[in-house]
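Q: Quick one: structure below, then a few questions.
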């Protein structure tokens, strides 16, 4: 089974929207052993949709189409399919009554528009929707045409629930599965990682290795191809072990294990509570920590102290420290962490003060200079570091370091390095 | 001039990398009046590259290719072009000496690999690189083929410096420019907006209108085509005015005017200071506010009170309120806002308390229930609202509402609605 992906939407051609649907579908196909060699994007334009369909069908057994199924004027996907395959658009009573029920009481003019979604291609089957726009499955000779909405949440729901099971059950062609695993690293640069594991990279054919540098972290992607899921996982496990022998604790997690989740899980497991005092990160640290479900188990809160006044009044930072060392200093970072720990009565508190830019830098204290603090019952420590990039980049990198500082503390590593 | 975009890279087919290059190139083409109706993505596979080239060339005057120009084994773009156009790969002495100089002293085995980059297609011209891989320009009959590296920074550099000037100077066909403007709306649903401006949408040919629903906001995209930038802006201005007559203050900004920037600018202009108390949003409000450069002009800080203890101790929320009404209640939202305003001594404070989920909901207080509070010298008010979606969705939507609450307050609108 070989499946191409056709994204429809003028937005995509104007560059105002990134085609995240294509990469999501591609990833899920690969994980399920379904080959995918082609992606095409065209606008909401019947002629171009026809040309793209022709090209996709000539190159693959199935086409997954996303976008243009909604109820606005420029949603022309169904009409383009209708003329391409010479199939009428017919009213589906079941969808109609479903819509009637859901939009009972809505303005009738609005409803007339929504009702467009109740029309389907003659001979097609419906994919049950999460939102209002249903998906469609069409068989044309030995080709399979699948239409999904462009709204990412609705598309993903249908992919997981209906499309992947269908494609897998068809099982035409290669039965190989391709599985990737991502090893995630904070605190080491890409060349440093490459040097450390160069020989492993060179020796590997399956899984293959690739280095993906990101904001404040580097990921090593391992991609294995095998007959089955288990065999692929085993191949991945063997190489992961080799890499871990080199990089050890520098690897903070794999795949979806974000730093905020890893740190949260460590705190929960040890029954430790956490709080924070943020200056230049402006709440981003707390926001990341609390984006994890169940974070109230360990997180008690934070103070975003964006003025000297609030550093003194709420966190108890000494005026003399602010005067002598300035708000961006190791001394103030430590006082902030101590203050947050007292205020929220937690086991651990972290802090961050720095210059996020783009203005406010001096020769002595340039944009990107950041001090991190950590306070526990046995320790009060700070680290100095320097980041580059935009304001948002610097803020994000600083929160990566705050999370990694907590992690290293919990692992019992030596803290206070980096030019402190 | 009509230009298609061909992205080459097996990564893209595995879904492990998003095709940000295509959306960047598409956006820059549109801004420069160059039509672009087609994007194709294939892997590092000569046969598929040939098929894609054929399709792109049959649909457009020019093709911009990205990816596969590097020095690793799987970079096959040049070799595929060589066989497709029957042109030899020849060593370019200038690139070679440039590489020799740059990589003097490097391991010879590594250098042999890098040297692959010094080979170019017979008869092609070089685009000067920022990194090591040069771009190529090839003219084949009346078609233009442009090859760029896949590394985003290098690709963007060549697009701006060489490719766009070349395409614009060619000026084949249309000299039109295409400019989009986005009107951004919080607090109205997509069908409600469509109903309100239906007749304008229908009457419009240039600019065209499209509705883009996003998380906690809807954008109306206006896209104008005209001979010059000024004329296009004028067309956009006329329709924007018509829409504003219908939607008025519901439009909070255009284009890059994020709510956090709009609210910040309003505060700065009026010399008002701002603070916050966050519970279920966990710092995301503060993080958004402080992501704007210069936000320390008006933002003093916030308290993320993630426990009842901290609500009482730091913000002064009455214990009896927490007992009688619960932490998620209008009474507590108001106390939190009042507490933040006192603590940070600001003109305005906002607050938020709710159930972000996925757990913790009850029949009476379901996941997604959120109370917002606002306190000023003359007002203490709250609003009740309900969101749907994931934990992160609910948190983000709540911060959209907090920002919009401040905006509506500053505009002198009636507050406290929505089932309060």
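Protein chains in written order, with my numbering: chain A, 3 to 422; chain B, 3 to 422.
We put the CB at the ideal spot given by N, CA and C, even for glycine.
1. In chain A, what lies closer than 8 Å to residue 196 of chain B by C-beta?
2. Which ranges does the alpha helix (DSSP H) cover as unbroken runs of at least 4 residues, wholly within the region 290 to 369 of chain A, from first to last along the chain?
3. Alpha carbon to alpha carbon, what distance is there between residue 153 of chain A and residue 46 of chain A?
4. Taking residue 292 of chain A as the reference, give the member of A/322, A/223, A/261 and A/3 with the closest Cα.
5. If the cut is a Cβ gap below 8 Å, which residues of chain B does residue 383 of chain A touch?
6. Of all the residues that make up the region 177 to 190 of chain A, which are near chain B by a beta-carbon distance shorter than 9 Å?
7. Can you have a look at residue 223 of chain B and say buried or exposed, based on whether 16 or more other CB atoms are within 10 angstroms of its CB?
8. How long is the line joining the alpha carbons of residue 206 of chain B and residue 239 of chain B, rounded to whole angstroms?
9. Pull up the distance between the alpha-carbon of residue 175 of chain A and that of residue 168 of chain A, whole angstroms please.
10. I believe residue 38 of chain B touches residue 15 of chain A by the beta-carbon criterion, under 8 Å. Please report the beta-carbon distance rounded to the nearest angstrom.
11. Within the same chain, show all residues whose beta-carbon is closer than 6 Å to that of residue 283 of chain B, passing over the 5 residues directly before and after it, in chain order.
12. Given this structure, state the Cα-to-Cα distance separating residue 181 of chain A from residue 166 of chain A, to the nearest angstrom.
13. Only counting runs of 4 or more residues, tell me where the alpha helix (DSSP H) segments fall wholly within the region 167 to 205 of chain B, in order along the chain.
14. Around the Cβ of residue 130 of chain B, are there at least 16 other Cβ atoms within 10 angstroms (buried) or fewer (exposed)?
15. In the DSSP assignment, find the beta strand (DSSP E) that holds residue 269 of chain A and state where it starts and stops.
16. Using CA coordinates, which residue listed in A/309, A/379, A/296 and A/241 is at the minimum distance from residue 183 of chain A?
17. Three-state secondary structure (DSSP) at residue 417 of chain B?
18. If we count the other Cβ atoms within 10 Å of its Cβ and call it buried at 16 or more, is residue 408 of chain A buried or exposed?
19. Terminal residues of the continuous beta strand (DSSP E) containing residue 217 of chain A?
20. So residue 221 of chain A and residue 214 of chain A are supposed to be a Cβ contact under 8 Å. How far apart are they, rounded?
21. Does the beta-carbon of residue 2 of chain B have 16 or more other beta-carbons within 10 angstroms, so that it is buried, or is it exposed?
22. Taking the CB atoms as reference points, tell me whether residue 161 of chain A and residue 27 of chain A lie closer together than 8 Å.
23. Considering only their Cβ atoms, is the gap separating residue 288 of chain A from residue 306 of chain B smaller than 8 Å?
24. Report the option in B/194, B/290 and B/313 whose CA atom is closest to the CA atom of residue 394 of chain A.
25. Assuming residue 321 of chain B and residue 314 of chain B make a contact with CB atoms under 8 Å, what is their CB distance in whole Å?
26. Taking buried to mean at least 16 other C-beta atoms within 10 Å of its own C-beta, is residue 250 of chain B buried or exposed?
27. By the criterion of Cβ-Cβ separation under 7 Å, what are the contact partners of residue 308 of chain A in chain B?
28. Could you check whether the Cβ of residue 50 of chain A sits closer than 8 Å to any Cβ belonging to chain B?
29. Between the region 10 to 42 of chain B and chain A, which residues of the former have a C-beta closer than 8 Å to a C-beta of the latter?
30. Considering only DSSP beta bridges, list what residue 213 of chain B is partnered with.
31. Where do the ends of the beta strand (DSSP E) carrying residue 71 of chain A lie?
32. Quick check: the region 341 to 356 of chain A against the region 269 to 276 of chain A, are there 3 or more CB pairs under 8 Å?
33. For residue 90 of chain B, which of B/178, B/125 and B/391 has the nearest alpha-carbon?
34. Of all the CB atoms in chain A, is at least one closer than 8 Å to the CB of residue 285 of chain B?
35. Under 8 Å by Cβ, that's how I've got residue 324 of chain A and residue 345 of chain A pegged, so tell me the actual separation to the nearest angstrom.
36. Mind checking the region 329 to 349 of chain B against chain A and listing, in chain order, the residues whose C-beta falls within less than 9 Å of any C-beta there?
A: Put simply:
1. Numbered from its first residue, the second chain carries residue 196 of chain B at position 194. 74, 112 and 115, listed in chain order.
2. Correct list: 310 to 315, 321 to 327 and 332 to 346.
3. Along the first chain, one-based indexing puts residue 46 of chain A at 44. Along the first chain, one-based indexing puts residue 153 of chain A at 151. Looking at the two C-alpha atoms, the distance is approximately 15 Å.
4. If you number the first chain from 1, residue 292 of chain A lands on position 290. Considering only alpha carbons, the answer is A/261.
5. On the first chain, position 381 is the one that residue 383 of chain A refers to. The premise fails here: residue 383 of chain A is roughly 23 Å from chain B at the closest Cβ pair, so nothing lies under 8 Å.
6. Here the close residues are 180, 182 and 184.
7. Here the question's residue 223 of chain B lines up with position 221 in the second chain. Residue 223 of chain B should be labelled buried.
8. In the second chain, counting from the first residue as 1, residue 206 of chain B sits at position 204. In the second chain, counting from the first residue as 1, residue 239 of chain B sits at position 237. Those two C-alpha atoms are separated by around 13 Å.
9. The residue labelled residue 175 of chain A in the question sits at position 173 within the first chain. The residue labelled residue 168 of chain A in the question sits at position 166 within the first chain. At residue 175 of chain A the pLDDT is 45, less than 50, meaning the model places this residue with poor confidence; the figure from the coordinates comes in the next sentence. For residue 175 of chain A and residue 168 of chain A, the gap between their C-alpha atoms comes out near 14 Å.
10. If you number the second chain from 1, residue 38 of chain B lands on position 36. If you number the first chain from 1, residue 15 of chain A lands on position 13. Yes, residue 38 of chain B and residue 15 of chain A are in contact; Cβ-Cβ is about 6 Å, under 8 Å.
11. On the second chain, residue 283 of chain B is found 281 positions in, with the first residue counted as 1. The residues are 354, 397, 400 and 401.
12. Within the first chain, numbered from 1, the residue matching residue 181 of chain A stands at position 179. Within the first chain, numbered from 1, the residue matching residue 166 of chain A stands at position 164. Rounded to whole angstroms, residue 181 of chain A to residue 166 of chain A spans 15 Å at the Cα level.
13. Counting whole runs of 4 or more residues, the region 167 to 205 of chain B contains the alpha helix (DSSP H) stretches 192 to 205.
14. Position 128 of the second chain, counting from 1, holds the residue named residue 130 of chain B. Within a 10 Å sphere around the beta-carbon of residue 130 of chain B sit fewer than 16 other beta-carbons, which makes this residue exposed.
15. Your numbering for residue 269 of chain A matches position 267 in the first chain. No beta strand (DSSP E) contains residue 269 of chain A, which is instead part of the alpha helix (DSSP H) from 261 to 272.
16. Taking the first chain and counting its residues from 1, one reaches residue 183 of chain A at position 181. Nearest to residue 183 of chain A by C-alpha distance, out of A/309, A/379, A/296 and A/241, is A/241.
17. Numbered from 1 along the second chain, position 415 holds the residue referred to as residue 417 of chain B. Correct three-state label for residue 417 of chain B: coil.
18. Working through the first chain from its first residue, we reach residue 408 of chain A at position 406. With 16 or more other Cβ atoms within 10 Å, it is buried.
19. The count along the first chain starts at 1 and reaches residue 217 of chain A at position 215. Careful: residue 217 of chain A lies outside any beta strand (DSSP E) and carries neither H nor E.
20. For the purposes of this step, residue 221 of chain A is taken as residue 219 along the first chain, with counting starting at 1. For the purposes of this step, residue 214 of chain A is taken as residue 212 along the first chain, with counting starting at 1. In this structure residue 221 of chain A touches residue 214 of chain A by the C-beta definition: roughly 4 Å separates them, less than 8 Å.
21. This structure leaves residue 2 of chain B out entirely; chain B is present only between 3 and 422.
22. By one-based count along the first chain, residue 161 of chain A stands at place 159. By one-based count along the first chain, residue 27 of chain A stands at place 25. Yes, they are a contact pair.
23. Locating residue 306 of chain B in the second chain gives position 304, where the first residue counts as 1. Locating residue 288 of chain A in the first chain gives position 286, where the first residue counts as 1. For the 8 Å CB-CB criterion, residue 306 of chain B and residue 288 of chain A form a contact.
24. Indexing the first chain from 1 puts residue 394 of chain A at position 392. Ranking the options by Cα distance to residue 394 of chain A, first place goes to B/290.
25. If you number the second chain from 1, residue 321 of chain B lands on position 319. If you number the second chain from 1, residue 314 of chain B lands on position 312. Contact flag correct, Cβ pair sits at about 6 Å.
26. Locating residue 250 of chain B in the second chain gives position 248, counting from the first residue. Residue environment analysis places residue 250 of chain B among the exposed positions, since fewer than 16 neighbouring C-beta atoms fall within 10 angstroms of its C-beta.
27. Reading the first chain from its first residue, position 306 is the one you call residue 308 of chain A. Neighbours of residue 308 of chain A on chain B, chain order: 292, 298, 301, 302 and 303.
28. Counted from its first residue, the first chain places residue 50 of chain A at position 48. Residue contact with chain B for residue 50 of chain A: present (Cβ-Cβ distance below 8 Å to some residue of chain B).
29. If the cut-off is 8 Å between Cβ atoms, the region 10 to 42 of chain B has 13, 14, 15, 16, 17, 18, 19, 20, 21, 22, 24, 25, 26, 27, 28, 29, 30, 31, 32, 38, 39, 40, 41 and 42 near chain A.
30. As a first step, residue 213 of chain B is located in the second chain; it is residue number 211 there, counting from the start. As a beta-bridge residue in DSSP terms, residue 213 of chain B pairs with B/222.
31. The residue you call residue 71 of chain A lines up with position 69 of the first chain. Where residue 71 of chain A is concerned, there is no enclosing beta strand (DSSP E), given that its DSSP letter is neither H nor E.
32. As far as the Cβ criterion goes, the region 341 to 356 of chain A touches the region 269 to 276 of chain A, which means the pair count is three or higher.
33. Here residue 90 of chain B refers to the residue found at position 88 when the second chain is read from its first residue. Of all alpha-carbon atoms in B/178, B/125 and B/391, the one lying nearest the alpha-carbon of residue 90 of chain B is that of B/125.
34. Along the second chain, one-based indexing puts residue 285 of chain B at 283. Residue 285 of chain B has a beta carbon lying within less than 8 Å of a beta carbon in chain A.
35. Position 322 of the first chain, counted from the first residue, corresponds to residue 324 of chain A. Position 343 of the first chain, counted from the first residue, corresponds to residue 345 of chain A. Contact doesn't hold; Cβ gap of about 18 Å is too wide.
36. Within the region 329 to 349 of chain B, the qualifying residues are 345, 346 and 347.
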